[in-house]
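Asker: With the UniProt record's numbering applied, the sequence shown covers 1 to 409.
Heads up, the beta-carbon is just placed ideally off N, CA and C, and yes, glycines get one too.
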Amino acid sequence: MTSSARAGATSRRSTTRPPHTPYGRVFGAATLIAAVVAVIVLAFSWPAITSEPKDLPVAISGTDAAVEQVETAVDERAEGAVALERVDDRDAAVAAIERREAYGAIILGDAPTDAPEVLIATAASPAVAQLLTGLAAQLQDQIDAQVDAQVQAALERASATIQALVAGQAPPAGQTGPGAGSPGAAPEIPQITVEVTDVVPLADSDPRGTGLVAAIFPLVLGGLAGGIALTLLVIGAVRRVVAVAVYSTVAGLALAGILQGWYGVLQGDYWLNAGAIALAIAAIAAPITGFAALMGRPGIALGVVTFILVANPISAAAVPVEFLLEPWGAVGQWFPPGAAATLLRDLSYFPDADTTFPWLVLVAWAVGGVLLSFIGHFRTAGGAEPDALAAHADDVEADAAGPVPTLTR
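1. According to DSSP, Pro116 sits in a beta bridge with which residue or residues?
2. Tell me the DSSP secondary structure of Ile143 in three-state form.
3. Tell me which residue opens and which closes the beta strand (DSSP E) that Gln104 is part of.
4. I'd like the span of the alpha helix (DSSP H) that includes Arg239, first residue to last.
5. Along the chain, where does the alpha helix (DSSP H) that runs through residue 466 open and close?
6. From the DSSP output, in three-state form, read off Ser61 for me.
7. Looking only at its chain, what residues have a beta carbon closer than 7 Å to the beta carbon of Ala215, apart from the 5 residues adjacent to it on each side?
8. Excluding the 5 residues preceding and the 5 following Gln142 in the sequence, name in chain order all residues of the same chain whose CB lies nearer than 7 Å to its CB.
9. Need the endpoints of the beta strand (DSSP E) that Thr197 sits in, please.
10. Find out if the Cβ-Cβ distance for the pair Val244, Leu230 is shorter than 8 Å.
11. Use the C-beta contact count for residue 484: other C-beta atoms within 10 angstroms, 16 or more gives buried, fewer gives exposed.
12. Assuming the contact rule is C-beta atoms closer than 8 Å, Gly104 and Val118 should be a hit. Round their C-beta distance to whole Å, please.
13. Applying the 10 Å Cβ sphere with the 16-neighbour rule, what's the burial state of Trp365?
14. By a C-beta neighbour count over all protein chains shown, 10 Å radius and 16 as the cutoff for buried, is Asp352 buried or exposed?
15. Can you tell me which of the three DSSP states Leu302 falls into?
16. Identify every residue that forms a DSSP beta bridge with Val82.
17. Does DSSP put Ser315 in a helix, a strand or coil?
18. Classify Trp334 as helix, strand or coil using the three-state DSSP reduction.
19. For the alpha helix (DSSP H) containing Trp271, list its first residue and its last residue.
20. Hey, would you say Leu309 sits closer than 8 Å to Val39, going by beta carbons?
21. Using only the alpha-carbon positions, how far apart do Ala48 and Arg379 sit?
22. Going straight from the alpha carbon of residue 410 to that of Arg77, what length do you get?
23. Determine the direct distance from the alpha carbon of Ser205 to that of Tyr247, and round the result to whole angstroms.
24. Of all the options Gly290, Pro358, Phe350 and Trp328, which has the alpha carbon lying nearest to the alpha carbon of Gly368?
25. Measuring only the C-alpha atoms, how far is Ala251 from Ile281?
26. Just to check my reading of the structure: Glu326 and Pro53 have Cβ atoms closer than 8 Å, yes? What is that Cβ distance to the nearest angstrom?
27. Out of Val200, Ala137, Val36 and Ala237, which has the shortest C-alpha to C-alpha gap to Ile97?
28. Select from His20, Asp55 and Ser125 the residue whose C-alpha is nearest the C-alpha of Ala81.
29. Count the other CB atoms within 10 Å of the CB of Ala65; is the residue buried (16 or more) or exposed (fewer)?
30. CA-CA distance, Ala384 and Thr249?
31. Is the CB-CB distance between residue 410 and Ala341 below 8 Å?
32. Within the continuous alpha helix (DSSP H) that includes Ala43, where are the two ends?
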C-alpha cells in the first residue's frame with residue numbers, strides 16, 4: 001500500500017461519524033433518567049413529608065388521681081404523639097431521660113397545690129422538647145382553669161355567707177367552719193406555675209443541634225467516596241481491606257478534630273468520637289469494596305443505592321425514630337447512617353445510654369464488607385476485581401506498547 005493510499009484510508013476513517021442514536025433509545029434513556037431522578041426525590045422527601053410524632057416515650061410520676069387526670073388530657077390533646085410511662089419519682093424520670101429511655105417527663109406533686117414540672121432534653125430532640133414545652137403550656141392552662149373555678153366557687157360561698165349574715169340567718173349548710181372564711185376575707189388564691197427544666201441541654205456551640213444533624217450526611221458521603229475510590233484505584237482484595245482500614249482511621253481522626261475541636265458539634269471524649277466516626281466510615285466503605293469484589297463495577301452502584309437511597313432517608317438523623325412511619329424508623333437503625341447518628345448523639349450527650357446496639361451494627365457492616373472482599377478474592381484469579389484489573393492491565397499494556405508503528409515498504 002502506497003503512502004497516498006494509506007493517507008486516504010486514514011482520512012476516511014477520521015471523517016466517519018458514528019450513526020445517530022435511534023429515537024427509541026433516545027426516549028427510553030430520557031425516561032429512565034427521569035425515573036431515576038423521581039426515585040431520588042421520593043427517597044429524600046418522603047420521610048420529611050410523612051414524619052409525625054407517634055408514641056414518644058415520656059415518663060410521668062405523681063399520685064394515681066393526678067396521673068390519670070393528666071393521661072386523659074394528654075390522650076385528648078396529643079392525639080397519640082405521646083406515650084406516658086409511669087415512674088416512681090423525679091430521680092427515676094431523670095435517669096430514664098439520661099439513658100434515652102424517655103424523651104422527657106411530667107412530674108406531678110403529691111398535693112394539689114404542688115407545682116408540676118416538665119422535664120425536657122433538647123439534646124435528644126429539639127422537636128420533642130418543643131412539643132413537651134407546648135404540653136407544659138397546656139397543662140398550665142388546665143391548672144389555671146381549675147384554680148379559677150375554685151376561686152369562683154369560694155367567692156360564691158363567701159357571698160352566700162354574707163347575704164345570710166345580713167339577713168340575720170345562719171350561713172348555708174356546708175359554709176361554716178374553718179374553711180368558710182370570714183365575711184370580709186378574700187379567698188386565698190394558690191399560685192401554681194408549671195416549671196420546664198432542660199435536663200440534657202445542647203451545647204452552647206450548637207444550641208439548635210443543627211451541626212450534629214448536618215454532620216451525618218457528609219460522613220455517609222465520605223464512606224461512599226472512600227469505598228468507590230479505593231475500588232477503582234487499589235488492585236487486590238487484601239490491599240483494599242488495608243486501604244479501607246487506613247482511610248477510615250485517618251478520616252475518623254480528621255473529622256472528629258473538625259467536628260469537635262473546631263466546630264464544637266461533638267462533645268465528650270475525642271478518641272471515642274473519632275473511633276465511632278472511623279467505624280462508621282468503614283461500615284460504608286468496606287461493603288462497597290466487597291460488593292465490587294463480587295459483582296464488579298455494578299457493586300458500586302448497589303452500594304450507592306443501599307446507603308444513599310435506602311439507608312440515609314430512614315436514618316432518623318434529623319428527627320426521632322418515632323417520627324418515621326413504622327417500621328422504617330427502627331429499620332433505619334440497622335444501617336450505618338442510622339447507627340452512626342444515634343451513636344454520635346449518645347456519646348456526646350448521653351454517656352449513661354446503652355450504645356451496644358449501634359456499635360454492633362457498625363461492626364457487622366464493616367466486617368461483612370471485609371468478608372465480601374475475601375470471598376471475591378477466592379472467586380477471581382489473583383484476588384483482584386475483574387474489570388478493575390482489566391482496566392489496569394489495559395493501561396499498562398498501552399503505556400508499554402507506545403505509538404503504533406507505521407508500516408512501509
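Answerer: Taking the structure as given:
1. Mapped onto the sequence shown, residue 116 falls at position 116. None, per the DSSP bridge assignment.
2. For this step, residue 143 is matched to residue 143 along the sequence shown. Helix.
3. Taking the first residue of the sequence shown as position 1, residue 104 is located at position 104. Rather than Gln, the amino acid found at residue 104 in this sequence is Gly. From DSSP, the beta strand (DSSP E) with Gly104 extends over Gly104 to Ile107.
4. Within the sequence shown, numbered from 1, the residue matching residue 239 stands at position 239. Residues Ala237 to Ala256.
5. Residue numbering for the chain in the displayed model covers 1 to 409; residue 466 lies beyond these limits and cannot be assessed.
6. Position 61 of the sequence shown holds residue 61. Strand, per DSSP.
7. For the purposes of this step, residue 215 is taken as the residue at position 215 of the sequence shown. Answer for Ala215: Leu259 and Val265, listed in chain order.
8. By 1-based counting over the sequence shown, the position of residue 142 is 142. Excluding sequence neighbours, Gln142 sits near Ala73.
9. One-based indexing of the sequence shown puts residue 197 at position 197. Element bounds for Thr197: Glu195 to Asp198.
10. In the sequence shown, the residue the question calls residue 244 occupies position 244. In the sequence shown, the residue the question calls residue 230 occupies position 230. Contact: yes.
11. The structure shown does not extend to residue 484, since the chain spans only 1 to 409, so no value can be given for it.
12. The residue labelled residue 104 in the question sits at position 104 within the sequence shown. The residue labelled residue 118 in the question sits at position 118 within the sequence shown. Their Cβ separation, rounded to whole angstroms, is 7 Å, which keeps Gly104 and Val118 in contact under 8 Å.
13. Taking the sequence shown and counting its residues from 1, one reaches residue 365 at position 365. Around the beta carbon of Trp365, 16 or more other beta carbons lie within 10 angstroms, which makes this residue buried.
14. Locating residue 352 in the sequence shown gives position 352, counting from the first residue. Burial call: exposed.
15. Walking along the sequence shown from the start, residue 302 turns up at place 302. DSSP places Leu302 in helix when its eight states are reduced to three.
16. By 1-based counting over the sequence shown, the position of residue 82 is 82. DSSP lists Leu56 as partners of Val82.
17. By one-based count along the sequence shown, residue 315 stands at place 315. The answer is coil: DSSP assigns Ser315 none of H, G, I, E or B.
18. If you number the sequence shown from 1, residue 334 lands on position 334. Coil, per DSSP.
19. What you label residue 271 is simply residue 271 of the sequence shown in a count that begins at 1. That run of the alpha helix (DSSP H) goes Tyr270 to Met295.
20. Locating residue 309 in the sequence shown gives position 309, where the first residue counts as 1. Locating residue 39 in the sequence shown gives position 39, where the first residue counts as 1. Yes, the pair counts as a contact, with Cβ atoms nearer than the cut-off.
21. In the sequence shown, residue 48 corresponds to position 48, counting from 1. In the sequence shown, residue 379 corresponds to position 379, counting from 1. Going by the C-alpha atoms only, they are around 42 Å apart.
22. Lying before the first or after the last residue shown, residue 410 is absent from the chain, which here runs from 1 to 409.
23. Along the sequence shown, read from residue 1 onward, the residue named residue 247 stands at position 247. Along the sequence shown, read from residue 1 onward, the residue named residue 205 stands at position 205. Those two C-alpha atoms are separated by around 28 Å.
24. Residue mapping note: residue 368 aligns to position 368 of the sequence shown, counting from 1. It is Gly290 whose Cα lies nearest to the Cα of Gly368.
25. Translated into positions along the sequence shown, residue 251 becomes position 251. Translated into positions along the sequence shown, residue 281 becomes position 281. Approximately 8 Å, taken between the alpha carbons.
26. On the sequence shown, position 326 is the one that residue 326 refers to. On the sequence shown, position 53 is the one that residue 53 refers to. Actually they do not touch by this definition, with Cβ atoms about 13 Å apart.
27. Indexing the sequence shown from 1 puts residue 97 at position 97. Nearest option by C-alpha distance: Val200.
28. If you number the sequence shown from 1, residue 81 lands on position 81. The candidate whose alpha carbon is nearest that of Ala81 is Asp55.
29. As a working note, residue 65 is residue 65 in the sequence shown. Exposed, since its Cβ has fewer than 16 Cβ neighbours within 10 Å.
30. In the sequence shown, the residue the question calls residue 384 occupies position 384. In the sequence shown, the residue the question calls residue 249 occupies position 249. Caution is warranted here: a pLDDT of 46 is assigned to Ala384, below 50, making its placement in the model unreliable, and the coordinate value is therefore given only provisionally. If you take the alpha carbons of Ala384 and Thr249, they lie about 23 Å apart.
31. Within the shown structure, residues of the chain are numbered from 1 to 409, placing residue 410 beyond reach of any answer.
32. Residue mapping note: residue 43 aligns to position 43 of the sequence shown, counting from 1. From DSSP, the alpha helix (DSSP H) with Ala43 extends over Tyr23 to Thr50.
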